[in-house]
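Novice:
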Amino acid sequence: MTNCLFKCENLSAYNFDGYILKNINFMLMPGEVHALVGERGVGKKTFVDVIAGFVKNIQGDIYYKGQNITSQLCSKGIEEIKVLLQKSCLIDNLSIAENLFLKNYPKKTIGMPLIDWQQIYLTTSHLLKELKIELDYRKKISELTNEEKKIVEIIKIYLQDPDIIVLHEPTENLGVKSIEKLYKIIEILRNKGRGIIYVTNQWEEALKISDRISILYKGQLVGTLSTTEAKKNPSKLLHKIYGWTNFRENNKNIGDEDAEVFEAVFKAAEFLSSDYELKDVLSMLARYATKVMNADGCMIDLIDEGTWSVIDTVTFKTKEDLEALLKKESIMLIVREGELFYATENDKNFISLFERQKGVKTIICSPILIRTQITGFIQVFYQDLYAYSDKEAAYLLTLAKQVGIAIEDTRLLGRSTLLQESHHRIKNNLQSIISLISLQKDFIQKDPNKSIDVVMNEIISYIKSIAAVHDLLSKDKLGRSIINVKEIISSIKDLYAINRNITINLEIDDIFISYNKATVVALIANELLNNCIKHAFKQCEDGIVNITCKKQPKHILLIVEDNGQGFPENFDLENLRTLGLSIVYATVINEFKGQIKIERTRGTRFVILLPEENLLLS
Amino acid sequence: MEHNNSLKILVAEDEYLILMGLTSSLKRLGYQIVAEATDGQQAIELSLEKKPDIIIIDINMPLIDGLEAVKRINEKTFIPSIIVTGYNNKALIQKAADLGVFGYLIKPVDEKDLKPAIEIAMAKFKEFQRLQQELKKTAESLETRKYVERAKGILMDQLNLKEGEAMKLLQQKSRDSNKKIAVIAQEIIKASEILSIKAKK
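Read top to bottom, the protein sequences are chains E and Y. Per the working numbering, the very first residue in the first sequence carries number 140; after that it's consecutive. Per the working numbering, the very first residue in the second sequence carries number 785; after that it's consecutive.
Listed below in structure tokens is the structure:
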């Protein structure tokens, strides 16, 4: 306290608009560079003006070396405190030397007091040489560039050797070399034990030159950090500058952060060369990403290039009820931008980016590309406002590339095992056919009047559906073993293409499912469609069949309806007399654990609800 | 054909259509289906609950695969199992053999494949149970023998008897107190331990 060079106690400044500064408590020690940072409009200029003595309406006290100088500031001014304002105070018509000595002309007395110009020039040229500044001291200010003018201002203050120097945006107009010189001057002054208040909105500068940083926000001093502390954790500083609350006190130093990033990258490489399944690898990567990015969750989506729809998602969340599901359009937009995408609640269009959003205030995303093809999307989200560091950004981009490699790897592996899988697939399909025939035998026993023809045709129809799915698989250019429901139903529809006056309308979402589920879906679609065509339109009327399949939050909804004659009144789903419908019923209930009901509308309407976890990729 | 004490079977297969086909075939063969499972977890739970005589299970199933499920079931109760799968793969077949599976069928299968496989499996299982019983008995008598030898040693040492005499004494005690000779032997050993007398080896 006794050593304190400069002190403000509960300093407030106001004008007719209100308080510009409120209860500022600021201290400057000798030999210290104390920076004051803040955004535009928080009151930095006012603070400088107060010290310069331009502001009359102040409350509180200002001390210089323990002495209260509050009133003196406005009236007389203090010699020992010099302020470098943003605006130039040089006189254009005078030379550099004259401006430097404006108030302190060295005098010599030869009879009358005269200005000792020789002394002036000598001192000036010495000074300029010492600071390695190449300026002609005889040049007039009006001939100088803005940069040179600023330098002259700085030298002027230096010359006066005050105890305290206040610099307001000193690097404005200065080039790199000049800034170096400025910092050198500041060093010299610091070593002499002078105190410097460095006021700027460039916090990066403050980090470079100061010993302590105080942050001004909305007219109040919201914190003071040592520069070492701020350097280790710049986001903490930023949080105070921008006024973000809920700052997470991560007790991590930058050194630790580096180590963490490296570890995460190594681990990822380990996973990639392991035998783990793609989904497990992605889960682990999502978990690591969340940790390294200090996030509350991470989602990795696999995207189908053709339809831009999400094939599969791997999510890791630290809290269950957080949600940040982006709209398809948003994803397309982000991918087109190409790079890291960052959005917070403060952006006006934040909410409109999402399909579903809950509790998330910041997202950082990156597309995952394999060569130039979009193959996925990675998104980290936070429940607070968050500013990422350069390292974190680099990490996320690297991670995206690694995920891309993992996916490509799996595909390559997939293509080579696809052949083996095909054999397995074919055997399962053949077993399915045997099942159908075996079950058909049971049904014939129950209903011996059924003609062999009809029975055989039914079996043929089933085999065709299974073949249709197989055909789709063989056509997949990327060698994947996933199938789009839209294409399945479309293929099934084609099986009935040449049917009299029946129009089949499709309204199907892009939904990707695994191969073995695809076969069953094909069978279901086939059976229901067959049913409509056979029974509903027996009377040769013009018929319409509408098939819709929509993706809902937790279900897939499949509706097949016709406008023909409906089912008879006493139709009982559970004791069905046709094999096909009984298979549909059994698989919906037992394999998919879903629901099925028949409604009598203008005709018949099958409504099937399948829980998505049992249908989508397992 | 309906058998009276028909075998109780659990079928585990994730593709329901195939499961239905298998069930239909098995029923026609006269077996009883006590449970159906569509994933490994369910297979384990239902097996332990319904205690089928035999399990027919696919390898490729969600949650827990078929081989792992068989392993876990057998850890609790040994139930004979037959694998029905599309994978014709040396490593898997070896793994199944190591787990004690009684049959490995490659799809597609129908009644003509299932029937002999089940019959052989059940026969093998009976043999297996018999051997287990024998093993148990042998182990028990080995235990008894160990105790008797030790007790004999103690008696010979303490009462200065010859081997034949010690044995006779043991047998007599066993008859008199109506306890098994192994029990008497253990009591003698315990007593000598309490009195800290070392038995001659």
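By construction, the Cβ of each residue, glycine as well, lies at the ideal position given by its N, Cα and C atoms.
Does the beta carbon of residue 385 of chain E sit closer than 7 Å to a beta carbon anywhere in chain Y?
Specialist: As a working mapping, residue 385 of chain E is identified with position 246 in the first sequence. Low local confidence applies: a pLDDT of 48 at residue 385 of chain E is under 50, so the model's placement there is unreliable, with the coordinate-based value given in what follows. No, its Cβ sits nowhere closer than 7 Å to a Cβ of chain Y.
Novice: Starting from residue 185 of chain E, trace the alpha helix (DSSP H) in both directions and tell me its first and last residue.
Specialist: As a position in the first sequence, residue 185 of chain E is number 46, starting the count at 1. Taken as a continuous stretch (DSSP letters only), the alpha helix (DSSP H) holding residue 185 of chain E covers 183 to 191.
Novice: Nearest to residue 661 of chain E by alpha carbon, out of E:674, E:722, E:562 and E:516?
Specialist: Taking the first residue of the first sequence as position 1, residue 661 of chain E is located at position 522. Per the Cα distances, E:722.
Novice: Excluding the 5 residues preceding and the 5 following residue 694 of chain E in the sequence, name in chain order all residues of the same chain whose CB lies nearer than 7 Å to its CB.
Specialist: Residue numbering aside, residue 694 of chain E sits at position 555 when the first sequence is read from its first letter. Closer than 7 Å at Cβ, skipping near neighbours: 748, 749, 750 and 751.
Novice: Are the CB atoms of residue 151 of chain E and residue 144 of chain E within a distance shorter than 7 Å?
Specialist: Reading the first sequence from its first residue, position 5 is the one you call residue 144 of chain E. Reading the first sequence from its first residue, position 12 is the one you call residue 151 of chain E. It is not a contact, given that the beta carbons lie outside the stated cut-off.
Novice: Alpha carbon to alpha carbon, what distance is there between residue 435 of chain E and residue 86 of chain E?
Specialist: Here chain E has residues from 140 to 757 only, and residue 86 of chain E is not among them.
Novice: With a threshold of 8 Å on Cβ separation, who are the neighbours of residue 959 of chain Y within its own chain once the five nearest residues in sequence on each side are excluded?
Specialist: Here residue 959 of chain Y corresponds to residue number 175 of the second sequence, with the count starting at 1. Contacts found: none.
Novice: Got a sec: does the ligand COA put a non-hydrogen atom nearer than 6 Å to the Cβ of residue 200 of chain E?
Specialist: This structure lacks the ligand COA; in fact it carries no ligand of any kind.
Novice: Identify every run of the alpha helix (DSSP H) within the region 839 to 876 of chain Y, keeping only runs that are complete inside it and at least 4 residues long; order them along the chain.
Specialist: Fully enclosed alpha helix (DSSP H) runs of 4 or longer: 850 to 860.
Novice: Examine chain E for any beta-carbon lying closer than 7 Å to the beta-carbon of residue 845 of chain Y, and answer yes or no.
Specialist: Indexing the second sequence from 1 puts residue 845 of chain Y at position 61. Closer than 7 Å: no.
Novice: Does the Cβ of residue 440 of chain E have 16 or more other Cβ atoms within 10 Å, making it buried, or fewer, making it exposed?
Specialist: By one-based count along the first sequence, residue 440 of chain E stands at place 301. Classification for residue 440 of chain E: buried.
Novice: Could you say which of Y:805, Y:800 and Y:954 lies nearest to residue 844 of chain Y if we only look at CA atoms?
Specialist: Looking up residue 844 of chain Y in the second sequence gives position 60. Considering only alpha carbons, the answer is Y:800.
Novice: Whole-angstrom Cβ separation of residue 302 of chain E and residue 334 of chain E, contact assumed at under 8 Å?
Specialist: Locating residue 302 of chain E in the first sequence gives position 163, where the first residue counts as 1. Locating residue 334 of chain E in the first sequence gives position 195, where the first residue counts as 1. Right, their Cβ atoms sit about 7 Å apart.
Novice: Whose C-beta lies closer than 6 Å to the C-beta of residue 425 of chain E among residues of the same chain, with five residues either side of it excluded?
Specialist: Residue mapping note: residue 425 of chain E aligns to position 286 of the first sequence, counting from 1. Hits under 6 Å: 437, 439, 453 and 455.
Novice: Count the other CB atoms, across all protein chains shown, that sit within 10 Å of the CB of residue 763 of chain E; report buried if there are 16 or more and exposed otherwise.
Specialist: Residue 763 of chain E is absent from the model: chain E starts at 140 and stops at 757.
Novice: Taking DSSP as the reference, what is the three-state secondary structure of residue 753 of chain E?
Specialist: As a working mapping, residue 753 of chain E is identified with position 614 in the first sequence. Correct three-state label for residue 753 of chain E: helix.
Novice: So is residue 726 of chain E in contact with chain Y if we call contact Cβ pairs under 7 Å?
Specialist: Sequence index remark: in the first sequence, residue 726 of chain E carries index 587 (1-based). Yes, its Cβ sits closer than 7 Å to a Cβ of chain Y.
Novice: For chain Y, check one thing: does any of its Cβ atoms lie closer than 7 Å to the Cβ of residue 573 of chain E?
Specialist: Locating residue 573 of chain E in the first sequence gives position 434, where the first residue counts as 1. Yes, residue 573 of chain E lies at the interface with chain Y (some Cβ there is under 7 Å from its Cβ).
Novice: Comparing the C-beta of residue 577 of chain E with each C-beta of chain Y, is any distance below 7 Å?
Specialist: Here residue 577 of chain E corresponds to residue number 438 of the first sequence, with the count starting at 1. At least one chain Y Cβ lies under 7 Å of residue 577 of chain E.
Novice: Note the first and the last residue of the continuous alpha helix (DSSP H) segment covering residue 722 of chain E.
Specialist: Position 583 of the first sequence, counted from the first residue, corresponds to residue 722 of chain E. Unbroken alpha helix (DSSP H) run through residue 722 of chain E: 718 to 725.
Novice: Count the CB pairs spanning the region 166 to 182 of chain E and the region 276 to 286 of chain E that are closer than 8 Å, and state whether there are at least three.
Specialist: These segments do not touch.
Novice: Could you name the residues of the same chain whose beta carbon sits closer than 6 Å to that of residue 474 of chain E, not counting the 5 residues immediately before and after it, in chain order?
Specialist: For the purposes of this step, residue 474 of chain E is taken as residue 335 along the first sequence, with counting starting at 1. Only 506 and 513 meet the Cβ criterion.
Novice: Can a CB atom of chain Y be found closer than 7 Å to the CB of residue 585 of chain E?
Specialist: Counted from its first residue, the first sequence places residue 585 of chain E at position 446. So no, residue 585 of chain E is outside the interface.
Novice: Of all the options Y:880, Y:859, Y:840 and Y:944, which has the alpha carbon lying nearest to the alpha carbon of residue 894 of chain Y?
Specialist: As a first step, residue 894 of chain Y must be located in the second sequence, where it is residue number 110. It is Y:840 whose Cα lies nearest to the Cα of residue 894 of chain Y.
Novice: Tell me the rounded alpha-carbon separation between residue 664 of chain E and residue 457 of chain E.
Specialist: Position 525 of the first sequence, counted from the first residue, corresponds to residue 664 of chain E. Position 318 of the first sequence, counted from the first residue, corresponds to residue 457 of chain E. If you take the alpha carbons of residue 664 of chain E and residue 457 of chain E, they lie about 40 Å apart.
Novice: Over the uninterrupted beta strand (DSSP E) stretch that includes residue 508 of chain E, give me the two end residues.
Specialist: Taking the first residue of the first sequence as position 1, residue 508 of chain E is located at position 369. Note, residue 508 of chain E: beta strand (DSSP E), 501 to 509.
Novice: I need the boundaries of the beta strand (DSSP E) containing residue 441 of chain E, first residue and last residue.
Specialist: The residue labelled residue 441 of chain E in the question sits at position 302 within the first sequence. From DSSP, the beta strand (DSSP E) with residue 441 of chain E extends over 436 to 442.
Novice: What is the residue span of the beta strand (DSSP E) that residue 165 of chain E lies within?
Specialist: As a position in the first sequence, residue 165 of chain E is number 26, starting the count at 1. Looking at the DSSP string, the run of the beta strand (DSSP E) that includes residue 165 of chain E is 157 to 167.
Novice: Is residue 802 of chain Y close to chain E, meaning its C-beta is less than 7 Å from at least one C-beta of that chain?
Specialist: Residue 802 of chain Y sits at position 18 when you count from the first residue of the second sequence. Judged by the 7 Å Cβ criterion, residue 802 of chain Y is in contact with chain E.
Novice: What is the rounded straight-line gap between the Cα of residue 422 of chain E and the Cα of residue 489 of chain E?
Specialist: What you label residue 422 of chain E is simply residue 283 of the first sequence in a count that begins at 1. What you label residue 489 of chain E is simply residue 350 of the first sequence in a count that begins at 1. Taking the straight line from one Cα to the other gives about 26 Å.
Novice: Interface residues of chain E around residue 890 of chain Y at Cβ under 8 Å?
Specialist: Position 106 of the second sequence, counted from the first residue, corresponds to residue 890 of chain Y. 566, listed in chain order.
Novice: Does chain E have any CB closer than 7 Å to the CB of residue 831 of chain Y?
Specialist: To locate residue 831 of chain Y, count along the second sequence from 1; it is residue 47. So no, residue 831 of chain Y is outside the interface.
Novice: Taking CB distances under 7 Å as the criterion, tell me whether residue 884 of chain Y reaches chain E.
Specialist: Your numbering for residue 884 of chain Y matches position 100 in the second sequence. Closer than 7 Å: no.
Novice: Residues of chain E with CB under 7 Å from residue 808 of chain Y, in chain order?
Specialist: As a first step, residue 808 of chain Y must be located in the second sequence, where it is residue number 24. The answer, in chain order, is 577, 578 and 581.
Novice: From the DSSP secondary-structure annotation, give me the bridge partner or partners of residue 744 of chain E.
Specialist: Along the first sequence, one-based indexing puts residue 744 of chain E at 605. In the DSSP output, where bridge partners are listed per residue, residue 744 of chain E has E:700 and E:738.
Novice: Strictly under 7 Å for the Cβ-Cβ distance: is residue 570 of chain E near chain Y by that measure?
Specialist: Position 431 of the first sequence, counting from 1, holds the residue named residue 570 of chain E. Residue 570 of chain E counts as touching chain Y.
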